[in-house]
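For the sequence shown, my numbering begins at 42 and goes up steadily by one.
Presented below is the structure to which this report refers.
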Amino acid sequence: MADVDTRAAPRSRTTTAERPLSPHLEVYTLSLTMVMSGLHRITGVVLCFGILLLVWWLVALSGDAGSFQTAANVLGSWFGRLVIFGFSWTLFHHLMGGIRHAIWDTGKGMDHPEREQLALASIVGSLTITAIVWLVALFIG
Numbered sequence: 042m043a044d045v046d047t048r049a050a051p052r053s054r055t056t057t058a059e060r061p062l063s064p065h066l067e068v069y070t071l072s073l074t075m076v077m078s079g080l081h082r083i084t085g086v087v088l089c090f091g092i093l094l095l096v097w098w099l100v101a102l103s104g105d106a107g108s109f110q111t112a113a114n115v116l117g118s119w120f121g122r123l124v125i126f127g128f129s130w131t132l133f134h135h136l137m138g139g140i141r142h143a144i145w146d147t148g149k150g151m152d153h154p155e156r157e158q159l160a161l162a163s164i165v166g167s168l169t170i171t172a173i174v175w176l177v178a179l180f181i182g
């Protein structure tokens, strides 16, 4: 044993370290929870822009009648209603995603079938709440 050199050989500047590679994206199969994770991030960004729309409406409301009428015409058009519908679904979907994350924070729902069920419940819940809100708004006014 005395003739074995235990000192590490010095590395040259051109030698690269042997580092583990993370798996390529093709290794992963797309799951509902992966889609929901990305969608939760996207809805968060969309909500930031939707808040600007809400602020524009509030500023128009506090302004003169002409500015409010302009905002009412834009938001009351078919395109404006479509944008508001999308904003409301985005709001409820992001809310459902937040509830799903709050459930995970308690340590529940982390097993595979429960994760998929919570993701599906998030989609169904956001669509249901959006439909209820819009039906109430259209029929009750």
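Beta carbons are placed, not taken as given, at the ideal position from N, Cα and C, and that holds for glycine.
- Residue 166 and residue 108 have their C-alpha atoms some 36 Å from each other.
- Of all alpha-carbon atoms in 142, 134 and 110, the one lying nearest the alpha-carbon of residue 88 is that of 134.
- Taking the Cα of residue 74 as reference, the smallest distance to any Cα among 177, 149, 128 and 156 is reached at 156.
- One Cα belongs to residue 69, the other to residue 62, and the distance between them is close to 14 Å.
- The three-state reading of DSSP puts residue 163 in helix, counting H, G and I together.
- Cβ neighbours of residue 128 within its own chain (closer than 6 Å, five residues either side excluded): 91.
- Separation of residue 65 and residue 146 (C-alpha to C-alpha, rounded to the nearest whole angstrom) is 29 Å.
- Nearest to residue 95 by C-alpha distance, out of 72, 132 and 78, is 132.
- Judged by DSSP in its simplified three-state form, residue 72 adopts coil rather than helix or strand.
- Comparing alpha-carbon positions, the option among 162, 154 and 126 lying closest to residue 140 turns out to be 162.
- Remark: C-beta atoms of residue 130 and residue 112 do not approach each other more closely than 8 Å.
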